[in-house]
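All residue numbers for the sequence shown refer to our numbering, where the first residue is 508 and numbers rise by one.
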Amino acid sequence: MDILLTLESFRPNIAFHNEKIITIGVMEITNNKNRSTFILTEWDSGGEKELVSKFYEYLKARINQISASNLKFFTGEKDALERIFVYGFNILRFDIPILIQKGVEYSIGNLPDLNLMWGGLIVTDYLQLMLPYNKMKYKGLTWNGFVEILRRLGYKVPKIKTEGNEIKQLYLKGDYDSIVNRVDTKLKILYVATSSKLFGKKI
């Protein structure tokens, strides 16, 4: 199972200090290629705590589903174990750390258990994988920088109309549609990158 993950946050000042997750976007692709997308928002969920809790309910349900399915491997009913593959852009440096931070903050789990949960998933961060295409430099590896690299490699991907540094003002103005549209576009970009098998077969 593939899970494409991206989020947006409201950052008053310094990263991770009083930073609030405001959207979590997920595209799920099952082994038989069925695809479903959902975008959770802080304003529809009733607050950040409820938003983060809903996401973890989803993730834990999928982990339990795969674990139950894998029992058939040990009884000989399946030929191979299933894994959950998570794909994102800059998720190793931001999305996953802040989701762990918020999980602890809202007593969804303690730090060792949340680290264990995320550590059991196969995570691919396209920001890291794009470094060789950007002269091993982080500068310029924004989401739209990622888009330009994919286009140079021959892939058709949409451009993101809203920059990340605009999120704070959009949130304060209540322009939630622009924020959701950015998340939706990012998921579409991740889908192109993932389905293209750009970096070879899964392990």
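Glycine residues also receive a C-beta, built at the ideal position from the N, C-alpha and C atoms.
Per-residue DSSP class, three states only, for residue i
| i | result |
| --- | --- |
| Phe592 | strand |
| Asp684 | helix |
| Ile570 | helix |
| Asp586 | coil |
| Phe523 | coil |
| Arg518 | coil |
| Thr513 | strand |
| Ser543 | strand |
| Lys695 | helix |
| Thr701 | helix |
| Ile710 | Note that Ile710 has pLDDT 39, beneath the 50 cutoff, so the model's placement of it is unreliable and no number is given. |
Cβ-Cβ separation, residue j to residue i (assumed contact under 8 Å), whole Å
| i | j | result |
| --- | --- | --- |
| Ala587 | Phe580 | 7 Å |
| Ile573 | Ile629 | Not confirmed; about 12 Å, so no contact. |
| Lys556 | Tyr613 | 5 Å |
| Lys693 | Trp650 | 6 Å |
| Lys675 | Phe562 | About 22 Å separates the two Cβ atoms, so there is no contact after all. |
| Glu564 | Ser576 | That belief does not hold up - the Cβ atoms of Glu564 and Ser576 are roughly 19 Å apart, past 8 Å. |
| Phe653 | Met637 | 6 Å |
Proximity of residue i and residue j at Cβ, strictly below 8 Å
| i | j | result |
| --- | --- | --- |
| Thr513 | Asp602 | yes |
| Val533 | Leu511 | yes |
| Thr631 | Tyr678 | no |
| Pro665 | Ile696 | yes |
| Val699 | Ile546 | no |
| Val687 | Thr548 | yes |
| Asp509 | Ile531 | no |
| Asp640 | Ile656 | Per the sequence shown, residue 640 should be read as Tyr rather than Asp. Yes, they are a contact pair. |
| Leu634 | Leu618 | no |
| Val611 | Leu623 | no |
| Phe523 | Ile605 | yes |
| Trp550 | Tyr683 | yes |
Span of the alpha helix (DSSP H) around residue i
| i | result |
| --- | --- |
| Lys609 | 603-612 |
| Ser552 | 549-552 |
- Item | Unbroken stretches of the alpha helix (DSSP H), 4 residues or longer, contained in the stretch 606-679 | DSSP runs (the alpha helix (DSSP H)) wholly in the stretch 606-679: 618-626, 633-637, 650-659.
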